[in-house]
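The next block holds one structure in the form of structure tokens; read it before the comments.
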Amino acid sequence: MLKIEAIFRPERVNAVTDALTSVGVTGFHYQNITGQGQQQGVEVITGRGSQTATRASVSKTLLVTIVSNEKKDDVVNAIIESTRSGDIGDGKIFISEISDIIRVRTGETGEEAI
Amino acid sequence: MDSGHTAWMLTASALVFFMTPGLAFFYGGLVRAKSLVNTIMLSFMTICVVTIIWTLWGYSLAYGPNVSGDPLIQGIIGNFSALGLDGIRWDPIDSSGSFSGSGVDVLFQMMFAIITPALITGAFVERFKFSTYLIFTIIWITLVYAPVAHWVWGGGWIGADGAGALDFAGGIVIHITAGSAAVAAALLVGKRANPGLQPNNVPYVLLGAAILWFGWFGFNGGSALLADGYAVNAMLVTQISAATAATTWGLIGLFTTGKISGVGVATGAIAGLAAVTPAAGSVNPLGALAIGLGAGAICYYAVELIHRTNLDDALDVFAVHGIGGLWGCIAAGIFAVESIAGVKGLIEGSFDQVWIQAYTSIAVLIYTFVISYVILFVLDKIPGLGLRVSETNENQGLDLAEHGEQAEINDGAN
Amino acid sequence: MDSGHTAWMLTASALVFFMTPGLAFFYGGLVRAKSLVNTIMLSFMTIGVVSIVWTLWGYSLAYGNGELIENFIGDFSLLGLDGVAMMSGEEDSISPLYDVLFQMMFAIITPALITGAFVERFKFSTYLIFTVIWITIVYAPVAHWVWGGGWIGDAGALDFAGGTVIHINAGAAAVAAALLVGKRANPGLQPNNVPFVVLGASILWFGWFGFNGGSALAADDFAVNAMLVTQIAAGTAATTWGLIGLFATKKISAVGVATGAVAGLVAITPAAGAVNALGAIAIGLGAGSICYFAVELIHRTNLDDALDVFAVHGIGGIWGCIATGIFAVESIAGVKGLISGSFDQVWIQIYTAGGTLAYSFILSFAILFVLDKIPGLGLRVSESAESQGLDLAEHGEQAVVNDGAN
């Protein structure tokens, strides 16, 4: 079982969730985050005049989903296809192993609980 | 000089002023969070720019003959006699009990000129260049708003001195012009990359609608231009129509979706307010109920219909203000009561007034559309201007791109 | 008694009242999210405290029947508003009690304006004590000087709606407070909520029609002119600020435009009874550009006047007072301004504004210096309270709760 965490442009969120649904992913959660990558921060006006500062607060969306190992390529491709623009700031995908899942209602564990 | 009338007109001017910030929040709540500041600024900056234009030449072009001289073109446009508000009368109210040509006239009409371009902005939020908008506003006030205001209220061909159309508080001058210009703007700027209404803050929408409703008492009640029985009737029918339209919208929503949406009810209230605006000086409370009922139902289906077309009028300016204003203008002819309006409406058996209302409204609709389209078309072609922001900026949101600001910052950084 | 004048003045009082909640949101939007409630409360609580002080002794000290010190301060003849007539006499156009109400709203907003200098780090309880003392020994005398029969009014200074009494006064006290409370651990302007800033500025603008229009004390030609020039100056100053920002940063910042509007409103305040529409455009143009560069300049100094109270209200107020002398039109003001060739009025405006500035700064500094030394009081919150934010530390509240708990 793999945890896939994807950071991407916020305006892509509907495309990503549609793509995930179409490859059979049933559950995920996402949140608005801010941070910076190669895109660096965003320039904001501080003070009320000509002073500006760079804040490390580029808006992104972080989506997390758990999938079985064999679905990995489908899911990763779905995310890439729905988020890539080719410009700086398209985001990143992190994949990690997780050791177990428990469904609270039934007590099922492992892949059955995905 | 009558202090009571002056007191009411000063109060009404302040109330109408407050409508534009209300509109800023009404529109601001309806857009995506990344363009909230931009949407608010479109309205707020309109207050600032139009104030200057109105002082320098707007008032003179619309109402110059109130101060001195003859119109430049009889029935069509005012003159240059009051440029920079030169020569406006110092006493607010003259011996005949009229404010016309005084500071009250300038101030009260200024607030109307301010809100009209701000209404248009709803059509092109989330994608319009801010600096181009400011230039557009200056030209639009000069070429569209000032002439139309002159036609209806400045002694031109539509108002009491001309065709005799009933437009008590600006159904034609404000709502039909704004709705028509909105279509031109939405056509030329094009669809958003991601159309659809996704309100980022429903409480802001309701706050904004409530401030608009509050200010509308000055808008319609003040348009009696005196603290008299007309003002009382105008405020009463305003309240009735707004509430009826909001309830109607809510109930239609309830039957179609099983739910009553906050945004829907707020929109219904605005539709009712827009519709009763031209009629506030000619109908009685029962007429206001009918107008509200019509506004709620007609504007609801207008929104539904326009969403099925390819026109991305983002915040439904045409459906609410254009169609609402049109309905109100015609309804003013239908439900006019002779004891209030001085003319018979359709319910009293005369079709004349309906016909006058219809052709004057349509004429303004067409004039505004054509001129607005031309202005925007030209601005689009001027190098360095253009109507639309870049695709990157649209995706990133206009708050950072145009204003260097983020609406809300909650993180602990700094 | 004239019902029309009374109706307008009652409306104007309510409008001026609404300005202080507006200021609460204007300031509230500009601070960091962790001190939003505190900043709103600094203004809101001022409404409560000053209403009491004004009723008990403030009004009497400013506008009492006699003078304790000639040309300087009122007396104790109207303590608790005892003896203020409710019914008007034959010669009154409005009820004498009315003056108490309208002037109270002005007394309320002045200390609230000062709070912008020391947000995010000032002890709330000390602020309340400061307000009680400040209204007594700074605001009441200065109001007496200008409007109560004191030396500034006698000198013939033009201050229609409070450029010296409210704005210069608040601006000077803001510098004293910012100096004594010291810099924040982390200075700089980081608005947590730009819509609140615009909402607050809009409410201020709306209320300012009562502030300036009501200062005619009647629904007459002066009120009309005051409202008109108020609108024009505010619109011009906001546009000016926005355009300077556009040239400097390629962007028009909402916080900047809102600040510009307030600067224009401040500057037109003393002049609203003396200038015409074109004078208002000039004053707005001046306010937008002068206050813009004042903000830039003060940000380069070591003074942490957090929300630019001195740059906007102090400098804006001074510009407005001097501009009143420059652009005064004889048919409105009754005296000639510099544009009509007379320098006299400008000189009167300058020295009276300077006198107020110096008095307010010295007294405010002394009050705060003493409060800082009193055990158990002190001006500044603890370092941990400052970094945690004053909402939790001073009020036990969080501005916005979004989690699903409860």
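Sequence order for the protein chains is W, Z and A.
Going by our numbering, the first sequence opens with residue 1, and the numbers climb by one from there.
Going by our numbering, the second sequence opens with residue 1001, and the numbers climb by one from there.
Going by our numbering, the third sequence opens with residue 2001, and the numbers climb by one from there.
By construction, the Cβ of each residue, glycine as well, lies at the ideal position given by its N, Cα and C atoms.
With fewer than 16 other beta carbons inside 10 angstroms of its own, G2396(A) counts as exposed. Annotation: the continuous alpha helix (DSSP H) that includes L1061(Z) extends over Y1059 to V1067. Taking C-beta atoms as the reference points, F2211(A) and M2019(A) count as a pair closer than 8 angstroms.
With the criterion set as a beta carbon lying under 7 angstroms from some beta carbon of chain A, the members of the segment 40-67 of chain W are I45, T46, G47, R48, G49, S50, Q51 and T52, in sequence order. Straight-line spacing of the CA atoms in P2191(A) and G47(W) works out to 9 angstroms.
E111(W) has a beta carbon lying at 8 angstroms or more from every beta carbon in chain Z. Taking V64(W) as reference, the option from F28(W), I80(W) and A53(W) with the minimal CA-CA separation is F28(W). The three-state reading of DSSP puts V44(W) in strand, counting E and B together. Ranked by how close their Cα comes to the Cα of V1276(Z), the residues F1219(Z), G1262(Z) and N1310(Z) have F1219(Z) in first place. For the 8 angstroms CB-CB criterion, L1273(Z) and S1223(Z) do not form a contact. Judged by DSSP secondary structure, H29(W) falls within the beta strand (DSSP E) whose first and last residues are H29 to G35. The DSSP assignment places complete alpha helix (DSSP H) segments of no fewer than 4 residues inside the segment 2057-2083 of chain A at 2059-2063, in order along the chain.
For A53(W), there is no enclosing alpha helix (DSSP H); the residue is part of the beta strand (DSSP E) that begins and ends at T52 to R55. For the 8 angstroms CB-CB criterion, E1126(Z) and A1401(Z) do not form a contact.
Between the C-alpha atoms of E1408(Z) and T1238(Z) there is a straight-line separation of about 35 angstroms. Chain-order list of chain A residues neighbouring G1004(Z): S2003, G2004 and A2007, by C-beta distance under 7 angstroms.
Under DSSP, A6(W) forms a beta bridge with L63(W) and I93(W).
Straight across, the Cα-Cα distance linking N2071(A) with D1091(Z) is about 35 angstroms. Between the segment 2150-2164 of chain A and the segment 2380-2390 of chain A, the count of Cβ pairs shorter than 8 angstroms is below three; the stretches do not touch. Residues L2158, F2160, A2161, S2215, A2216, F2222, N2225, A2226, I2332 and A2333 of the same chain have their beta carbon placed closer than 8 angstroms to that of G2273(A), with the five preceding and five following residues left out of the count. At least 8 angstroms separates the CB of S2043(A) from every CB of chain W.
Membership of Y2139(A) in any alpha helix (DSSP H) is not indicated, and neither H nor E is assigned to it by DSSP. Contact between I1291(Z) and F1335(Z) holds, with the beta-carbon distance rounding to 6 angstroms and staying under 8 angstroms.
Less than 8 angstroms divides the Cβ of L1083(Z) from the Cβ of S1060(Z). In the DSSP annotation of this structure, Q1406(Z) is not part of any alpha helix (DSSP H), being labelled neither H nor E. Taking the Cα positions, S1003(Z) is about 9 angstroms away from I1093(Z).
Segment contact: the segment 2242-2260 of chain A against the segment 49-58 of chain W, three or more CB-CB distances shorter than 8 angstroms; contact assigned. Around the beta carbon of A56(W), fewer than 16 other beta carbons sit within 10 angstroms, so the residue counts as exposed. Taking C-alpha positions only, A2107(A) is separated from A2233(A) by approximately 24 angstroms. Proximity of V2295(A) to chain W, defined by a Cβ-Cβ separation below 8 angstroms, is satisfied. When 7 angstroms is used as the limit between beta carbons, V2084(A) is near no residue of chain W, the shortest such separation being about 42 angstroms. Taken atom to atom, the span from the alpha-carbon of D2154(A) to that of G2354(A) is near 16 angstroms. In the structure shown, N1395(Z) adopts helical secondary structure according to DSSP, grouped into three states. Annotated as proximal: D1312(Z) and R1192(Z), with beta-carbon spacing under 8 angstroms.
T109(W) carries a strand assignment under DSSP once its states are collapsed to helix, strand and coil. At a C-beta separation below 9 angstroms, E1338(Z) has no neighbours in chain W, since its nearest C-beta there lies roughly 56 angstroms away.
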